[in-house]
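Q: First to last, the sequence lines map onto chains A and B.
First residue of the first sequence: 1, per full-length UniProt numbering; consecutive thereafter.
First residue of the second sequence: 1, per full-length UniProt numbering; consecutive thereafter.
Using N, Cα and C, we set each Cβ at its ideal position, and we do this for glycine too.
Since we're looking at a predicted model, the values are computed, not measured.
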Amino acid sequence: MARRLSPGLIRAALYVAGLMPASVAFAMGATGRLGADPVNAFLRMLGLWALRFLILSLCVTPLREIAGINLLRYRRALGLLAFWYALFHLTAYVGLDQGFDFPVLLADVEKRPFVILGMVAFLVLAGLAATSNRWSIRRLGPRWRALHRWVYPAACCAAIHFILSFKVLRPETLAYALAVALLLAWRVLPAGMRRRAALSR
Amino acid sequence: MRLFDYPRPAASDITPEGAYLSRRATLAAGLAGGAAWLAGAPRGAWADPLRAAPGALSGTGLTPTPFQDATHYNNFYEFGLEKTDPAERSGDFHPRPWTVRVEGLVARPRTYDIDALLARPLEERLYRMRCVEAWSMVIPWIGFALADLLKEVEPLGSAKYVAFESVLRPAEMPGQDSMLHVLDWPYAEGLRLDEAMHPLTILAVGLYGRTLPNQNGAPVRLVVPWKYGFKGIKSIVRIRLTETRPRTAWNDRAPDEYGFYANVNPAVDHPRWSQATERPIGARGGFFGAARQPTLPFNGYAEQVAGLYAGMDLRRNF
Chain A
1 MARRLSPGLI
11 RAALYVAGLM
21 PASVAFAMGA
31 TGRLGADPVN
41 AFLRMLGLWA
51 LRFLILSLCV
61 TPLREIAGIN
71 LLRYRRALGL
81 LAFWYALFHL
91 TAYVGLDQGF
101 DFPVLLADVE
111 KRPFVILGMV
121 AFLVLAGLAA
131 TSNRWSIRRL
141 GPRWRALHRW
151 VYPAACCAAI
161 HFILSFKVLR
171 PETLAYALAV
181 ALLLAWRVLP
191 AGMRRRAALS
201 R
Chain B
1 MRLFDYPRPA
11 ASDITPEGAY
21 LSRRATLAAG
31 LAGGAAWLAG
41 APRGAWADPL
51 RAAPGALSGT
61 GLTPTPFQDA
71 THYNNFYEFG
81 LEKTDPAERS
91 GDFHPRPWTV
101 RVEGLVARPR
111 TYDIDALLAR
121 PLEERLYRMR
131 CVEAWSMVIP
141 WIGFALADLL
151 KEVEPLGSAK
161 YVAFESVLRP
171 AEMPGQDSML
181 HVLDWPYAEG
191 LRLDEAMHPL
201 TILAVGLYGR
211 TLPNQNGAPV
221 RLVVPWKYGF
231 KGIKSIVRIR
241 LTETRPRTAW
251 NDRAPDEYGF
261 YANVNPAVDH
271 PRWSQATERP
281 IGARGGFFGA
291 ARQPTLPFNG
301 YAEQVAGLYA
311 GMDLRRNF
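Set out below in structure tokens:
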């Protein structure tokens, strides 16, 4: 049984399951079943899933070092799902929320720090998504790893963007920001300490 | 097109004194029954029928927001941060018994019982409501001019502002009990005296032909239709006339984002979003039917209130 579930199949299932929340919410929103403010609900939900997949992709390395669970072959799928949700989130904002009103959108990007942070996160994810293929990995060689460390600042920007998108600090936004902070802090720990943490389990 | 129906009195319903007095008896009976019903009430239970004459200052040509949305999409941080929290988490809140104290720089300070406020001649006013978060509703409020109440307590010449305070009940309002310091409870708001005396400013005790549901600020709240919704302080227990500008909850929290005046102004952005347009709540047909609409200066009430701010720089006094 376990042998028949090939990584390719699991990856495909991951994409299907991962895109499910967006499909369901889109169908509900398009048919007037997403509450009193469907655009805002859809927008929030898409952004939240982008951050969730980003966090999951950051869990892969610590999980392998601490718990010995190797999910490396699914990391790219998780990162790409984060990118797709960020793209949907941005598209919903530009199209559904602002109705393609480009002067307003440009003004937003120009002067609102929380929008700028979101844009930076998106642009970085777009760059990483564009180089998430074998050809780019071969082509970029050792520079590929350095390039994909940009996911760390992207996650920072996304978490702060999430915090700032509400009028007050919320337990929910703080919890996500804390998760990002811990996952990034873990990466700056010296390798010796990480090994000790792994051994003490 | 009418999206919903609520008991709207005909012109012939404008109540003669005799019938009006008998209404008090009916109301009292209704409240007694209501109290028994509240004891075992389901969560979010509320809202006895409440009749009112159509007010002369009621908006025309406005389509009311569906009742369900106006009562289930609310900002009332005393009950939680999500729009759905107030309807879901206000079931333990007791809007009876209730009194409102009016004091400060007045000749005749008074304490009003909520039943006495409900027994006053009430008007229905269909008003636009514009939230600072750039969404909007149209709500048929029931209430009376705040000016009528203030005249009864006889403001002194030194009174320049009116300070409002909400109830503080962490046991019944889970948001006040939150670990996160969201706002300085109790919620506080304020108006300049001339704003408070403006005929458009009302104390609302009902909406859509019913008494106020808990989630909409039961049993009595402020409605100032040309200002952002957060000025409309809910569940009021104290009104105080002062000489100096009172503290207000959101201005305390983030003075660069929420000014004292908070007049709806499409030309002055919130630091994090444009105020030029708004999303009407409750548009049917899904999000493709939910297009933004332009925001109007003073939320469409410029003709009536712009004069209050003559000579003021509304960018600085936002």
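1. Looking at residue 55/A: is its Cβ nearer than 8 Å to the Cβ of residue 181/A?
2. Please report the residue range of the alpha helix (DSSP H) in which residue 142/A lies.
3. I want to see whether chain A comes within less than 8 Å of residue 268/B, judged by CB atoms only; does it?
4. Hey, would you say residue 200/B sits closer than 8 Å to residue 309/B, going by beta carbons?
5. Based on the DSSP secondary-structure assignment, which residues constitute the bridge partners of residue 263/B?
6. Applying the criterion that 16 or more other CB atoms from any shown protein chain within 10 Å of the CB defines a buried residue, is residue 69/A buried or exposed?
7. Could you please give the first and the last residue of the uninterrupted beta strand (DSSP E) stretch that includes residue 205/B?
8. Of the residues 120/A, 57/A, 63/A, 75/A, which one's Cα is nearest the Cα of residue 87/A?
9. Select from 204/B, 90/B, 134/B the residue whose C-alpha is nearest the C-alpha of residue 120/B.
10. Determine the direct distance from the alpha carbon of residue 138/B to that of residue 63/B, and round the result to whole angstroms.
11. Can you name the residues that DSSP bridges to residue 270/B?
12. By the DSSP assignment, the alpha helix (DSSP H) with residue 250/A in it spans what residues?
13. Starting from the C-beta of residue 136/B, find all residues in its chain whose C-beta is less than 6 Å away, skip the five residues before and the five after it, and write them out in chain order.
14. Does the beta-carbon of residue 151/B have 16 or more other beta-carbons within 10 angstroms, so that it is buried, or is it exposed?
15. Do residue 206/B and residue 114/B count as a contact pair if the criterion is CB distance below 8 Å?
16. Would you mind working out which of 167/A, 188/A, 163/A sits nearest residue 176/A, comparing C-alpha positions?
17. Just the Cα atoms here: how many angstroms apart are residue 96/B and residue 56/B?
18. Round the Cβ separation of residue 294/B and residue 266/B to the nearest angstrom and send it over; I've been treating them as touching at under 8 Å.
19. In the DSSP assignment, find the unbroken alpha helix (DSSP H) run with residue 113/B in it and report its ends.
20. Give me the chain B residues within the contact set of residue 22/A, using Cβ-Cβ distance strictly less than 8 Å, ordered along the chain.
21. Provide the residue(s) that pair with residue 212/B in DSSP beta bridges, ordered along the chain.
22. Between the beta-carbon of residue 50/A and the beta-carbon of residue 17/A, is there less than 8 Å?
23. Taking the continuous beta strand (DSSP E) assigned at residue 69/A, which residues delimit it?
24. Could you name the residues that DSSP lists as bridge partners for residue 144/B?
25. How long is the line joining the alpha carbons of residue 44/A and residue 196/A, rounded to whole angstroms?
26. Just the Cα atoms here: how many angstroms apart are residue 186/B and residue 247/B?
27. Would you grab the beta carbon distance between residue 79/A and residue 132/A for me? Rounded to a whole angstrom, and I think it's under 8 Å.
28. Is DSSP giving residue 11/A helix, strand or coil here?
29. Helix, strand or coil: how does DSSP classify residue 28/A here?
30. Could you check if residue 192/A is buried or exposed, using at least 16 other CB atoms within 10 Å of its CB as the buried criterion?
31. Express the C-alpha separation of residue 75/B and residue 224/B in angstroms, rounding to a whole number.
32. Does DSSP put residue 34/A in a helix, a strand or coil?
33. Just to check my reading of the structure: residue 132/B and residue 261/B have Cβ atoms closer than 8 Å, yes? What is that Cβ distance to the nearest angstrom?
34. Judging by CA-CA distance, which residue of 148/B, 228/B, 67/B is the nearest neighbour of residue 297/B?
35. With DSSP as the reference, label residue 19/A as helix, strand or coil.
36. How far does the alpha helix (DSSP H) with residue 127/A in it extend, from its first residue to its last?
A: According to the structure data:
1. Position 55 of the first sequence holds residue 55/A. Position 181 of the first sequence holds residue 181/A. For residue 55/A and residue 181/A, no; Cβs fall outside 8 Å.
2. Along the first sequence, read from residue 1 onward, the residue named residue 142/A stands at position 142. 142 to 148 is the span of the alpha helix (DSSP H), which, as asked, contains residue 142/A.
3. Numbered from 1 along the second sequence, position 268 holds the residue referred to as residue 268/B. No, because no Cβ of chain A sits closer than 8 Å to the Cβ of residue 268/B.
4. Here residue 200/B refers to the residue found at position 200 when the second sequence is read from its first residue. Here residue 309/B refers to the residue found at position 309 when the second sequence is read from its first residue. No. Outside cutoff.
5. Residue numbering aside, residue 263/B sits at position 263 when the second sequence is read from its first letter. Residue 263/B is bridged to 227/B.
6. For this step, residue 69/A is matched to residue 69 along the first sequence. So residue 69/A counts as exposed.
7. In the second sequence, residue 205/B corresponds to position 205, counting from 1. Segment 202 to 207, the beta strand (DSSP E) holding residue 205/B.
8. The residue given as residue 87/A occupies position 87 in the first sequence. Comparing Cα positions, the closest option is 120/A.
9. Here residue 120/B is taken as the residue at index 120 of the second sequence, counted from 1. Taking only the C-alpha atoms, the option nearest residue 120/B is 204/B.
10. The sequence position of residue 63/B within the second sequence is 63, counting from 1. The sequence position of residue 138/B within the second sequence is 138, counting from 1. C-alpha separation (whole angstroms): 7 Å.
11. Within the second sequence, the letter at position 270 stands for residue 270/B. Per DSSP, 273/B.
12. In the structure as shown, chain A starts at 1 and stops at 201, and residue 250/A therefore has no counterpart that could be examined.
13. The residue labelled residue 136/B in the question sits at position 136 within the second sequence. Excluding positions up to five away in sequence, the list reads 130, 278, 280.
14. For the purposes of this step, residue 151/B is identified with residue 151 of the second sequence, where counting begins at 1. Classification for residue 151/B: exposed.
15. Position 114 of the second sequence, counted from the start, is the residue given in the question as residue 114/B. Position 206 of the second sequence, counted from the start, is the residue given in the question as residue 206/B. No, these two residues do not count as a Cβ contact at 8 Å.
16. Within the first sequence, numbered from 1, the residue matching residue 176/A stands at position 176. When only C-alpha atoms are compared, the closest one is 163/A.
17. As a working note, residue 96/B is residue 96 in the second sequence. As a working note, residue 56/B is residue 56 in the second sequence. Computed Cα separation, rounded: 30 Å.
18. As a first step, residue 294/B is located in the second sequence; it is residue number 294 there, counting from the start. As a first step, residue 266/B is located in the second sequence; it is residue number 266 there, counting from the start. About 7 Å; that satisfies the 8 Å criterion.
19. For the purposes of this step, residue 113/B is taken as residue 113 along the second sequence, with counting starting at 1. That residue, residue 113/B, is in no alpha helix (DSSP H); its beta strand (DSSP E) goes 110 to 113.
20. On the first sequence, residue 22/A is found 22 positions in, with the first residue counted as 1. The premise fails here: residue 22/A is roughly 13 Å from chain B at the closest Cβ pair, so nothing lies under 8 Å.
21. As a first step, residue 212/B must be located in the second sequence, where it is residue number 212. Residue 212/B is not bridged to any residue.
22. Stepping through the first sequence from its first residue, residue 50/A is reached at position 50. Stepping through the first sequence from its first residue, residue 17/A is reached at position 17. Contact: no.
23. One-based indexing of the first sequence puts residue 69/A at position 69. Unbroken run through residue 69/A: none, as it is neither H nor E.
24. Start at 1 with the first residue of the second sequence, and residue 144/B comes out as number 144. For residue 144/B, which the question treats as bridged, DSSP gives the partners 203/B.
25. Indexing the first sequence from 1 puts residue 44/A at position 44. Indexing the first sequence from 1 puts residue 196/A at position 196. Using only the alpha carbons, I get a separation of about 39 Å.
26. Working through the second sequence from its first residue, we reach residue 186/B at position 186. Working through the second sequence from its first residue, we reach residue 247/B at position 247. A direct Cα-to-Cα measurement between residue 186/B and residue 247/B gives close to 11 Å.
27. Indexing the first sequence from 1 puts residue 79/A at position 79. Indexing the first sequence from 1 puts residue 132/A at position 132. Right, the Cβ-Cβ distance comes to about 7 Å (below 8 Å), so this counts as a contact.
28. Counting from one through the first sequence, the residue named residue 11/A turns up at place 11. Helix at residue 11/A.
29. Along the first sequence, one-based indexing puts residue 28/A at 28. Three-state DSSP puts residue 28/A in a helix.
30. Here residue 192/A corresponds to residue number 192 of the first sequence, with the count starting at 1. That one is exposed.
31. Position 224 of the second sequence, counted from the first residue, corresponds to residue 224/B. Position 75 of the second sequence, counted from the first residue, corresponds to residue 75/B. Near 16 Å, if we compare the C-alpha coordinates of residue 75/B and residue 224/B.
32. Here residue 34/A is taken as the residue at index 34 of the first sequence, counted from 1. Residue 34/A falls in the coil class under three-state DSSP.
33. Within the second sequence, the letter at position 132 stands for residue 132/B. Within the second sequence, the letter at position 261 stands for residue 261/B. That belief does not hold up - the Cβ atoms of residue 132/B and residue 261/B are roughly 12 Å apart, past 8 Å.
34. The residue you call residue 297/B lines up with position 297 of the second sequence. Per the Cα distances, 228/B.
35. The count along the first sequence starts at 1 and reaches residue 19/A at position 19. Helix, per DSSP.
36. Taking the first residue of the first sequence as position 1, residue 127/A is located at position 127. Here the alpha helix (DSSP H) through residue 127/A covers 113 to 130.
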